[in-house]
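Q: Please see the structure below; I have some questions.
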Amino acid sequence: MKSTLVRQDSDKLADVVVRGMQEKKAADIVVLNLKDLKNAVADYFIICSASSDTQIDAIARSVEEEVEKLTGQNPWQTEGRMNREWVLLDYVDVVVHVFLRDRRQFYALEELWGDAEITHVEEETAASVK
1 MKSTLVRQDS
11 DKLADVVVRG
21 MQEKKAADIV
31 VLNLKDLKNA
41 VADYFIICSA
51 SSDTQIDAIA
61 RSVEEEVEKL
71 TGQNPWQTEG
81 RMNREWVLLD
91 YVDVVVHVFL
101 RDRRQFYALE
111 ELWGDAEITH
121 VEEETAASVK
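The numbering of the sequence shown is the UniProt record's numbering, which starts it at 1 and goes up by one.
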């Protein structure tokens, strides 16, 4: 089991990732809490959808900028920037997935971790901004 400090850090990192996604209007943001699952590869998987390859890139960059600005961390590894259908940002304890809508449905990561605690992040609406 991980130390309490590391667990708190991953909680904060997950919040920052979600904010970065929201900055670029990511859709269907889902946070999978894997902390209590045996043999989980990370504390969190955070998944969102984008409507275009341009938006995928914008969301991924926004997440990287927010995380770097607030925590000083850079992703340990990134994948998928060239094919622009699914970008993965690996922060070790938090793994970020930014999908085109149809690719997300195809891979169905939420179903792979069905026993995880799943939180659906409410989309910010124009009414809440007024």
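Here a beta-carbon is modelled for each residue, glycine too, at the ideal position from N, C-alpha and C.
#1: Which residue from Asp57, Arg104, Ala116, Ala42 puts its Cα closest to that of residue 138?
#2: Classify Glu111: buried if its beta carbon has 16 or more other beta carbons within 10 angstroms, exposed otherwise.
#3: Does Asp43 come out as helix, strand or coil in the three-state DSSP assignment?
#4: Report the CB separation of Glu123 from Ala27 in whole angstroms; it is logged as a contact under 8 Å.
#5: Output the distance between the C-alpha atoms of Ser62 and Gln77, rounded to the nearest integer angstrom.
#6: Please report the straight-line C-alpha distance between Glu85 and Tyr44, rounded to a whole angstrom.
#7: Quick check: the Cα distance between Val16 and Val94, rounded to an integer number of angstroms?
#8: Under three-state DSSP, which class holds Glu85?
#9: Around the Cβ of His97, are there at least 16 other Cβ atoms within 10 angstroms (buried) or fewer (exposed)?
A: Quick answer:
#1: Because residue 138 is not part of the residues shown, which for the chain are 1 to 130, the question remains open.
#2: exposed
#3: coil
#4: 7 Å
#5: 16 Å
#6: 21 Å
#7: 11 Å
#8: coil
#9: buried
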